[in-house]
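Worksheet: one structure, shown below.
Numbering (this note's numbering), first residue to last: 24 to 374.
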């Protein structure tokens, strides 16, 4: 039995308590400063307020100011379950708390923008901790299709664990696999991470179709708008391929679980597709954030705003082909200019 400490008590980090406990590991769930009520509930009754399930026996809750206590000297694996917006906060906590290297696996979805390319978050965290503490951390990341609410009730789930150190990634697969949680191995860190992050971004586009249906005149046969969603889905996969190739990733990540699988799941429901629904109804990003999705974290939109400058610089420099990214550009324009999302149908399928 190992001891796994999870930093971040949101739905995905907390859902990972299930396979971890079912594999016999002791689990310490540490909230962020935003998770106080969740951890209070876990401590009192074991119930997670957002997942609406009782976490397994053997999961111990800790508040954010108890991270050092939870980590102790016996943590075998640290799982980072924070949002992309919380990565800087998590790095600060690691740098002030770690006294020795601890293996880390991230479920955070996002990319770090640099001047001329994007960097995977595990690489960003490892380099920053090394710079500030001198500690060399082994980092891995989990990608692929996983709805937290389904994992929390032990639905069949397949994911991908990726790391530069393949034996390390394989050891994590072995450590977490159950009869319902099926992690697979990948050495394509940048490809998996681009897919994990940008599937949220492209799910906004796929979600546009259902919202736009509400603006269209009703037909006698009550037709839906699935054809349009399928066109956008296909274009999203094509553009994921362009982004992954440009950063040295592999095509397998795009057409496998990290890309096509995760985009399919994300487009079915969730905040990113709901934003797309609202854009399809004619609202702008800011109108949606100030209205029907006030207070919601929409990681695909936040990613778009964060990486827009870098992607546009890459297109200008020719390291990305702008003509091959019409959906990307349409989404970036809508998010950064707070304008209507105009789907460029005639530019699709040209590359």
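Ideal Cβ positions, reconstructed from N, Cα and C, are used throughout, including at glycine.
Spatial distance of residue i from residue j (CA atoms)
i           : j           : result
residue 213 : residue 283 : 16 Å
residue 201 : residue 237 : 42 Å
residue 373 : residue 263 : 15 Å
residue 138 : residue 290 : 30 Å
residue 334 : residue 351 : 9 Å
residue 218 : residue 59  : 31 Å
residue 90  : residue 42  : 22 Å
residue 40  : residue 130 : 13 Å
residue 221 : residue 194 : 27 Å
residue 77  : residue 180 : 19 Å
residue 116 : residue 281 : 28 Å
residue 134 : residue 143 : 5 Å
residue 353 : residue 154 : 37 Å
residue 56  : residue 145 : 22 Å
residue 203 : residue 45  : 10 Å
residue 271 : residue 164 : 17 Å
residue 32  : residue 67  : 15 Å
residue 287 : residue 182 : 13 Å
residue 99  : residue 168 : 26 Å
residue 254 : residue 301 : 19 Å
residue 345 : residue 322 : 23 Å
residue 368 : residue 277 : 22 Å
residue 294 : residue 340 : 33 Å
residue 188 : residue 141 : 20 Å
residue 338 : residue 269 : 11 Å
residue 355 : residue 266 : 14 Å
residue 257 : residue 273 : 18 Å
residue 63  : residue 239 : 47 Å
residue 285 : residue 196 : 18 Å
residue 61  : residue 101 : 20 Å
residue 349 : residue 128 : 34 Å
residue 343 : residue 198 : 38 Å
residue 453 : residue 190 : Nothing can be reported for residue 453, as the shown portion of the chain is limited to 24 through 374.
residue 292 : residue 86  : 30 Å
residue 111 : residue 242 : 50 Å
residue 36  : residue 347 : 35 Å
residue 26  : residue 209 : 24 Å
residue 97  : residue 83  : 15 Å
residue 160 : residue 152 : 8 Å
residue 95  : residue 47  : 19 Å
residue 79  : residue 24  : 16 Å
residue 365 : residue 261 : 18 Å
residue 136 : residue 336 : 11 Å
residue 279 : residue 211 : 12 Å
residue 275 : residue 371 : 22 Å
residue 88  : residue 205 : 33 Å
residue 377 : residue 225 : Any answer about residue 377 is impossible in this case: the structure gives the chain only from 24 up to 374.
Contact belief for residue i with residue j at Cβ below 8 Å, rounded distance in angstroms
i           : j           : result
residue 29  : residue 53  : 7 Å
residue 166 : residue 125 : Not confirmed; about 21 Å, so no contact.
residue 15  : residue 232 : This structure gives no information on residue 15, because the portion of the chain shown stretches from 24 to 374.
residue 93  : residue 103 : Going by Cβ atoms, the distance from residue 93 to residue 103 rounds to 13 Å, so no, they are not a contact pair.
residue 304 : residue 234 : 4 Å
residue 184 : residue 171 : Contact flag wrong, Cβ pair sits at about 17 Å.
residue 363 : residue 307 : 7 Å
residue 81  : residue 50  : 6 Å
residue 230 : residue 150 : The Cβ separation is near 34 Å, so there is no contact.
residue 162 : residue 148 : 6 Å
residue 227 : residue 299 : 4 Å
residue 132 : residue 223 : 6 Å
Bridge partners - residue i, DSSP secondary structure assignment
i           : result
residue 209 : 185
residue 136 : 141
residue 180 : 204
residue 129 : 103, 164
residue 26  : 49
residue 83  : 51
### Message
Would the region 232-251 count as touching the region 166-182 if we require 3 or more Cβ pairs under 8 Å?
### Response
no
### Task
Indicate whether the contact test is met: 3 or more Cβ pairs, each with one atom in the region 302-316 and one in the region 115-130, closer than 8 Å.
no
### Validate contact between the region 66-77 and the region 106-114 using beta carbons, cut 8 Å, 3 pairs
no
### Message
Quick check for students: name the residue ranges of the alpha helix (DSSP H) that lie wholly in the region 308-349, counting only runs of 4 or more.
### Response
308-313, 322-340
### Query
Per the contact definition of three or more C-beta pairs closer than 8 Å, is the region 320-332 in contact with the region 353-364?
Below 8 Å, enough C-beta pairs join the region 353-364 and the region 320-332 to call them touching: three or more.
### Query
Which residue spans inside the region 208-259 form an unbroken alpha helix (DSSP H) run of at least 4?
212-236
### Query
Taking the runs of the beta strand (DSSP E) that are 3 residues or longer, which of them lie wholly in the region 56-81?
none
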